[in-house]
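Top to bottom, those sequences are chains A and C. Here the working numbering runs 12 ahead of the position in the first sequence, where the first position is 1. Here the working numbering runs 12 ahead of the position in the second sequence, where the first position is 1.
Protein chains: 2
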Amino acid sequence: MSGPTRTYTRLSVEQRRTQLLAASIELFGRHRPEEISVDDVAAAAGVSRPLVYRYFPGGRQQLYEAAMRQSADELARCFIEPPEGAPSRRMSNVLDRYFAYVDQHDAAYSALLRGGSVVDTSRTNALVDDVRRAGTEQVLFHLAAPRPGPRLAMMVRSWIASVEAVSLTWLDEGKKPSSGELSSWLADHFTGLLLVTAASDPETATVAAKSLAQESPGSPAGRLARRVAPLAGHTAHLLPPGRAVPDGMLGR
Amino acid sequence: MSGPTRTYTRLSVEQRRTQLLAASIELFGRHRPEEISVDDVAAAAGVSRPLVYRYFPGGRQQLYEAAMRQSADELARCFIEPPEGAPSRRMSNVLDRYFAYVDQHDAAYSALLRGGSVVDTSRTNALVDDVRRAGTEQVLFHLAAPRPGPRLAMMVRSWIASVEAVSLTWLDEGKKPSSGELSSWLADHFTGLLLVTAASDPETATVAAKSLAQESPGSPAGRLARRVAPLAGHTAHLLPPGRAVPDGMLGR
């Protein structure tokens, strides 16, 4: 034991724990939990098996759960953004952080979202639900709608599902197109969904009006407005010619 | 054996199999697979345990997989729609069928989408992937884009993820609001997403233009256009006053 101890003393307890967790996240992201042994984690971290057990007496199961919990916590933190500036800019900042996490921790992200465990799907699902809840709360905070009605709540929930699906597809497709392109498209997606939902839900209409008032021509929503405008001609036939608002959002 | 046989001869082999599957779908939707025994399926179907084994020699595992496969097949069939009329109307028809399925088979839908099995998450995931693939193909068929680029493919995939998330949330919330309301909102969501994606992806812009040309004032997309128009005033400050298309989609 003195041998390994001599080698390991350079890391603090917290540093060692972080190192073992990082090795676990990497391994559990690429393999099913039952394929990974404590020896694998020890080898990946360059430490002895007893050292791993000293930090994680529950062995593989404890390592797996700790790795997934850490991934979930980091993902949830991506959604935290100061309530300043254009809402679509804040959304872009959140998405930039989210995709940076997905990019840097692709294996852990897949493991967390896809489950793929034979022993603890329900616990992994609970972690993913925590991330979704945290994300939903943050988005509603920025919309100044902490107690949303069912349609607005569903809107946010469905957008978060889109973000997850896009992230997993992005990983499957070899991370193409660029994360910046996806991030701005998903911010646009949110703006579009807000307007479309506002068209049939009065609460969302109020929230959307307040949110749009905080946008500027240079914000992501402002840029979207100018890019969508040329498409309006394709919808002119959908609005009656004598209508009071013939030049509205989908008309020309 | 003559006793049960006498009672059971009223059903054909196919009818009996269908009946056992229906009982299985119901039970596996409400309970984790390991909580359900072949005896439970037999009792729910009002038949003997040996009869269940005659149809499903693999017992519980085979029943579970057959139930999930049948649910997946039925869901995938919801997406099949003739290529006639306004695309947004076809989308509404698909969604009406999808929500009718979710409503009538809520337990099976949850079991399929959430996994929740301790023994076959990966097989259930593969079934769900089949449904998503079938749904994506049908949507792309109606968009006349059978070989989409990455952005258009991701758009459809992300919308299907929204449909799933909304369906699960709807079941959690006691099926409120009405399925008709959700169905038309999700059709609107698709139209909005198509336009927003068209703003930054040339292929989607072409597809959106062709799709919108097939819409009419009375189609769901036509109704959406008229409902969104009054919201355009909230975005006037995002377009420069001297712009060539000041009265475009997001302007007024």
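In this text, a Cβ means the ideal position worked out from N, Cα and C, and glycines have one as well.
Taking the beta carbon of residue 187(C) as reference, no residue of chain A falls within 9 angstroms; the closest one sits roughly 11 angstroms away. Residues of chain C with a Cβ closer than 7 angstroms to the Cβ of residue 41(A) do not exist; the shortest Cβ-Cβ separation is about 15 angstroms.
Among the residues facing chain C, residue 178(A) is included, as its CB has a counterpart in that chain under 8 angstroms away. Taken through DSSP and simplified to helix, strand or coil, residue 185(C) comes out as coil. Shortest Cα-Cα distance from residue 243(C) to any of 214(A), 83(A) and 25(A) involves 214(A).
If the five residues before and after residue 41(C) are omitted, its C-beta is found closer than 8 angstroms to the C-beta atoms of 117, 118, 119, 120, 121, 122 and 123, all from its own chain and listed in chain order.
Within chain C, no C-beta atom comes nearer than 9 angstroms to that of residue 45(A); the closest sits roughly 11 angstroms away. Rounded to whole angstroms, the Cβ separation of residue 38(C) and residue 56(C) is 7 angstroms, and the two are in contact under 8 angstroms. The beta carbon of residue 139(A) sits closer than 7 angstroms to those of 80, 81, 84 and 124, all from its chain and outside the five residues before and after it, given in chain order. When 8 angstroms is used as the limit between beta carbons, residue 246(A) is near these residues of chain C: 220, 221, 224 and 225, in chain order. Closer than 8 angstroms to the CB of residue 152(A) there is not a single CB belonging to chain C. DSSP places residue 215(A) in the uninterrupted alpha helix (DSSP H) bounded by 214-225. At least 8 angstroms separates the beta-carbon of residue 155(C) from that of residue 234(A). Membership of residue 104(C) in the alpha helix (DSSP H) is indicated by the continuous run 99-116. In the same chain as residue 178(C), and ignoring 5 residues on each side of it, the C-beta atoms closer than 7 angstroms to its own belong to 194 and 198, in chain order. Linking residue 43(C) to residue 64(C) through their CA atoms gives a straight-line distance of about 19 angstroms. Separation of the CB atoms of residue 204(A) and residue 172(A) is rounded to 15 angstroms, and the pair is thereby denied contact status at 8 angstroms. Within the model, the alpha-carbon separation for residue 192(C) versus residue 144(C) is close to 22 angstroms. Taking the Cα positions, residue 90(C) is about 47 angstroms away from residue 30(A).
The distance from the Cβ of residue 210(C) to that of residue 216(C) is about 5 angstroms, consistent with a contact at the 8 angstroms cut-off. Scanning chain A for C-beta atoms nearer than 9 angstroms to the C-beta of residue 164(C) yields nothing, as the closest lies near 11 angstroms away. Assignment of residue 246(A) by DSSP, reduced to helix, strand and coil, places it in the helix class. Take residue 101(A), set aside five residues on each side of it, and the residues of its chain with a beta-carbon closer than 7 angstroms to its own are 231 and 232, in chain order. According to the DSSP assignment, residue 22(C) belongs to no alpha helix (DSSP H), since it is labelled neither H nor E. The C-beta distance from residue 94(C) to residue 223(C) rounds to 16 angstroms, too long to meet the 8 angstroms contact threshold.
Runs of alpha helix (DSSP H) with 4 or more residues, each lying fully within the region 14-100 of chain C, are found at 14-20, 25-42, 50-57, 61-67 and 71-90, listed in chain order.
Buried is the label assigned to residue 52(C), since at least 16 other Cβ atoms lie within 10 Å of its Cβ.
With its beta carbon less than 8 angstroms from one in chain C, residue 233(A) belongs to the interface. Burial state of residue 159(A) is exposed, judged by a 10 Å Cβ sphere holding fewer than 16 other Cβ atoms.
At a cut-off of 8 angstroms between beta carbons, residue 101(A) makes no contact with chain C. When secondary structure is reduced to three states using DSSP, residue 157(C) falls in the coil class, being assigned neither helix nor strand. Under the three-state reduction of DSSP, residue 230(C) is assigned to coil, being neither helix nor strand. Interface flag for residue 181(C) against chain A is set, since a Cβ pair is found closer than 8 angstroms. Taken through DSSP and simplified to helix, strand or coil, residue 252(A) comes out as coil. Annotation for residue 196(C): the continuous alpha helix (DSSP H) segment containing it runs 191-210.
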